[in-house]
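To start, the structure under review is shown below, and the notes come after it.
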Amino acid sequence: RAWPSWLKLWVRHREGAMAHADGQANQAGQASQDGQASEASQASTDSRTTQGRRVTDPMKRPDPPLKFALQMSLIVLVPTVFSGLFDPMKVFDNGDDNVNYKQNELLTPIESGGGIARVGRILTSQSSIGVFEPVALIVKLGLVQVFGLHARTFTGAATMFHALACVLGMELCLSVERQLNPLAKISQETVVNAWAASLLLGLHPLRVEPLAWASGLPYELSTIFSILAVILHMRHWWWRRWAVGSIARPDGPYRLAAGLMLMLAANAKAAALGLWPALVLFDLLIVREVRGQIGGSWIFLILLDNLPMFLGTITAAYPAWAATGGGDPQCRFSFRWWHRILRAAYMAVTYMLQQFWPRDLCVLHAVPLEDIVPCSWRFGGSVLAVLFCGCLAARIGVRAVFVAAAYLALLSPTLGILTNHITETAADRYCHICCMTLGIPVLAALVKSLRPKSITATIGLVLGVASAETYATRKYVEVWSHPAKTIEHAVRNSPSFYRTRYLYGMQLIEAGNASAAVAEMRAAIALCPRFTNSHFGLTQALLAQGQLSEAAAAMKVSVKQDPTNFFSQFNLGVILAQDRRHAEAADWLERALKLDPTDKQAVRMLVESRRMLQDQAKSKSRKDSAAQKGKKPSVGKFADIAMPDEDAAAQHPSSIGKFATTAGQAGDAQETPAQQRDAPSQGKPEDVAARAPAPPARAAEALPPYLSIVVASRNDDYGGHLEERFVTHVALLYYQLRKACISGVELLVVEWNPPADRPGLAPLVEEGLALGNVTREHALSSCSDEGGPVVRLLTASPSLHKTLQIKGFLSPAPMAEYFAKNLGIRHAKGQFVLATNPDVVFSPELVAFLATRTLRQDTFYTASLRFDTEWPSRPRSPMGHLELLVERALDDAQLEGTDYERTAKHRPEAYGPAQKAFGRICADGDDGSGRIAGYWDFHAGDFVIAAKSWWERVAAYPELNWTFGVDTALLCKFFGRGLRNAALLPPCLVVHQHHRIRENPNARRVMDEADLCSLCKKDPLARYDPLQRDSKLWGKHADGFVKIFDFVPAVNAA
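Positions 2 to 1055 (the working numbering) are the ones given, in order, by the sequence shown.
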């Protein structure tokens, strides 16, 4: 009595019970008149029980035994249909996955006692793409700690979470049934209907994106918490009605638990913010059905009772709102109010239609702003469709109106009605929470309305529809397993979206199809001239084609678009320097340094350009002087011209420098700096309801290095003295590269299946680098300490080797040479890739040839090979050891009586046409003029160079479970594609260090070498053996199987 009347609960149990009792009493009287005594007695008993408040809480009534069996079937069926997401070969994409996982420092392994501090950092910081989703990050961190940082960890976890969500969705259906029909028992038919709805929507193709995309995991987490929030919301209603009475209780246990679940859902993904208004609408529906009308006091009571739910959403709503402000100067869709209405209607209708006909995936689906007009059938027609559905719902009844309003409320965070943060017009993931929380109960009601004759008929019909869904869903899962297909699909669906054209262009660049990439980049620029990334992509594509002048022109357009972008001006200077236009290069580098005077590489590039200008002036002066004296000027080697002076202020820089793209503006669904560094081949810009405003970030990346050198090994003492051979290889290679001041070179050492009982290769690499990294004081290097090659160690774990063996791709041997080389080639970033072995040493003249940078895109290179017959030893002095090794290798007398004696007649220099065609390449560089009828194939596994794009086009080495003839097969692939072969002749040669031979168990003659070569020439991507690994997967393995370590070489001052 102390409570004011307006605080009384809108649904009084006594009023409802009395009304029900009256109905039961009337039913009993009518039954007595008809002579139905037993039925009248039962109705009277029900009447007395209801009036006496002894009605059992519907939430506590036992469910049919069939319920548990059907729930277990969901746990089994859902992961089975999505089984492809557990594949160990699943990898992160180069878009948001790269940033959300691989480069996310919040997901690094936690040291002992650092868990609380890490969680604190997560709760106080945004993710690297500007989305505030701390709950999802905490769950991700837990998964990383238990299962490791693998793509399948998150896609597999999302699949299991989805199975749980389907079970909860079934429970949600039963809760809704109890709420709307409180005095009815849950029958087996009702349970089957709930199961049918959960299964059909759980296996629907629109569920693929949040499961198959590792970055979609937060949507699934948010869905689980959202369903729990709804179930607890209904449980609170019954707890308040049966246990408390007539007063609103926002502090009730179920209400607080529901508020907590909603807070977790919204902080896992802000797309769940639309759940709170949907729950308020549900309460209004209940009041309307019980009382027949809704007054202002009831609305106030409902809001008061839902106060914890509201407070739970505020924790995520404010960060989401704060992160969506600000405009985007790079082709942001600046919507007017009618644009927002048209787009919202289009999205709502699209999601509804795709439930019945999921013809296309909404991946990067966007429509240009100029196409969003009322007269368009897609947008104007969508508005008419929404109005028609609203009128139809009003015609059907109150519950239909509620469903329509709740549908729009749940979608509201992703419809972009209030903000401009969503660039994509539609996306499958945007409707995921709505389909699982609202769609399942609605579909269960539709199944119920069909009134099937029996449970068996219902189950049979549902399984038939589910089988059709399974076919389409598994096809979509397969599409998501191939990033290139996903991007191609996006381009087909959104040909007028500049971002899809840009991402597809980057994919083509990575695939080596530079000409098609140029067309895509030009299309992206035409759609959005202000999108700076497209200009950078066009420049990169033109550089891949060797069109330096056109690349410089493209970069000048980028500078014009954004004169304050440091990297635009820096990259322009680099390209002009590469084109030998040093005066212009110096001018642009000076402008770049005005924007960022602290950039050391720009300083070095400027110093080098000025030095080259001085050299050109001196050369011109010598020519003029010689002309006056009537003498012919002397011409030195190209490598000599490119070498810096002994006292130069900086190292000789790479002809290819940084390559940067601008970072995304606030709220834009585009790559972050780390994504741009990785030049994404498959992208999915993260939607969000929350993206933090940030100033343009400096996203720098070097343009691809000139040369990548790949060597593969394992420390198993294969052939004897392996450590000595390996250290010598690394030391002398690094020494010569440093001495020649060759920049833009990376050395990738691949350690395959390291043995558990021996040290790894890392100490040997460090030892070799220390021996080869001599100081300038000993006049062995004229480069600065910053000018050495980049050295990386890629370790392929024993579990990867075992997995490939189980699948039949590898023999029992512990080493897989060409699998390892392919892994290194796949990770190589250079324009050209040199595949070699750890038991060879390059002659100084061969390294000098590489320094000329005259390798050609249309040529693959082999080299003359000489053999040393003495057991190797660690080099004490790199210079002396190299001279002695080459001297012994050139002495054919040492070969007499050895296994190497027969190799003398196989040298390319002994072949007259090769000597004529390639005799001057070593000294003068390759101008492309020399050619022989075929190609030179002898010990091709020790030395072969080709453009990275051609390695990719022919899928590198065939990945077979034997090695005999595989090195030759690679040359056959190149030659079959029309590439020219150039054999490097002495003094450019490769020295093979001595070891025992014929110890490789993989060197089995399974297929005739000529037959394999013929097949490779015909189709480099074909399957040549039943146990050959798919050529599309060459060198590609799940991230968790491969670890990468970058070395910082120590200086050897001795």
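Even glycine gets a Cβ: it sits at the ideal position worked out from N, Cα and C.
Looking only at its own chain, which residues have a Cβ that is under 7 Å from the Cβ of residue i, when we skip the five neighbours before and after it?
| i | result |
| --- | --- |
| W937 | T863, P909, A915, N982, A984 |
| E846 | C923, P988, C989 |
| E768 | V728 |
| L165 | I225 |
| A38 | Low confidence applies to A38: its pLDDT is 41, below 50, so where it sits in the model is not reliable, and the reading given next is rough at best. Nothing listed; no residue qualifies. |
| P1144 | In the structure as shown, the chain starts at 2 and stops at 1055, and residue 1144 therefore has no counterpart that could be examined. |
| G831 | P705, P706, Y707, L708, S709, E747, K949 |
| V402 | A394, A395 |
Locate the alpha helix (DSSP H) running through residue i, then write down its first and last residues.
| i | result |
| --- | --- |
| L280 | 276-292 |
| V992 | Per DSSP, V992 belongs to no alpha helix (DSSP H); it is in the beta strand (DSSP E), 981-993. |
| F357 | 338-357 |
| W951 | 949-954 |
| S468 | 456-481 |
| A259 | 254-269 |
| V77 | 67-82 |
| A520 | 515-528 |
| L1022 | Premise fails: L1022 is in no alpha helix (DSSP H) and is neither H nor E. |
| L883 | 879-890 |
When you compare each of the options to residue i by their alpha carbons, which one comes out closest?
| i | options | result |
| --- | --- | --- |
| L1028 | P959, L980, C973 | P959 |
| L708 | H828, D717, R759 | H828 |
| R978 | L824, D98, E953, P815 | E953 |
| F939 | M73, G898, L886, H993 | H993 |
| H1089 | Y505, L543, G313, Q356 | Residue coverage of the chain in this structure runs from 2 to 1055, which leaves residue 1089 outside it and unanswerable. |
| Q146 | G116, T160, Q832, G809 | G116 |
| K91 | P80, P756, G157 | G157 |
| E888 | E902, R875, R867 | R867 |
| M556 | A545, L539, A197 | L539 |
| A957 | M437, A821, V193, K619 | A821 |
| V575 | L265, E609, I460 | E609 |
| P706 | V746, H802, K803 | V746 |
| A428 | R208, L980, R581, A817 | R208 |
| P359 | V842, A473, I287, P453 | A473 |
| S223 | L263, F810, S199 | L263 |
| S497 | R475, L544, E371 | E371 |
| L528 | S495, A552, L175 | S495 |
| L173 | V374, D927, R256, T438 | T438 |
Taking the beta strand (DSSP E) that residue i belongs to, which residues open and close that run?
| i | result |
| --- | --- |
| K1044 | 1043-1047 |
| T426 | Run containing T426: none; DSSP gives neither H nor E here. |
| A864 | 860-868 |
| S1060 | Residue coverage of the chain in this structure runs from 2 to 1055, which leaves residue 1060 outside it and unanswerable. |
| T796 | 791-797 |
| I303 | First-last for I303: 297-306, but that is the alpha helix (DSSP H), not the beta strand (DSSP E). |
| I111 | That residue, I111, is in no beta strand (DSSP E); it is neither H nor E in DSSP. |
| A836 | 833-837 |
| V841 | 841-843 |
Just checking my contact of residue i with residue j at CB under 8 Å: how many whole Å lie between their CB atoms?
| i | j | result |
| --- | --- | --- |
| R759 | N823 | No, R759 and N823 are not in contact; Cβ-Cβ is about 24 Å, not under 8 Å. |
| A269 | E425 | No, A269 and E425 are not in contact; Cβ-Cβ is about 20 Å, not under 8 Å. |
| A197 | I434 | So it is not a contact: roughly 21 Å between Cβ atoms. |
| L805 | L749 | L805 to L749, Cβ: 20 Å. No contact. |
| F155 | A215 | 4 Å |
| V711 | V834 | 6 Å |
Take residue i and list the residues in its own chain whose beta-carbon comes closer than 6 Å to its own, dropping the five residues that flank it on each side.
| i | result |
| --- | --- |
| G1041 | G149, H151 |
| R699 | Only weak support is given to the placement of R699: the predicted model assigns it a pLDDT of 33, under 50, and the value that follows is read from those uncertain coordinates. Excluding residues within five positions, none has a Cβ falling inside 6 Å. |
| S656 | Only weak support is given to the placement of S656: the predicted model assigns it a pLDDT of 30, under 50, and the value that follows is read from those uncertain coordinates. So the list reads Q579, once near-sequence residues are dropped. |
| V193 | I456, T459 |
| C436 | L202 |
| L308 | P251 |
Using a Cβ-Cβ cut-off of 8 Å (strictly less than) and excluding sequence neighbours within five positions of residue i, which residues of its own chain qualify?
| i | result |
| --- | --- |
| D900 | I998 |
| G637 | Residue placement at G637 is poorly supported in this model, since its pLDDT is 29, which falls under 50; the coordinates are not used for a value here. |
In chain order, which alpha helix (DSSP H) runs of at least 4 residues are fully inside the region 730-762? none
Which parts of the region 560-627 are runs of the beta strand (DSSP E), unbroken and 3 residues or longer, counting only runs that do not cross its ends? none
At 3 residues or longer, what runs of the beta strand (DSSP E) sit wholly inside the region 148-183? none
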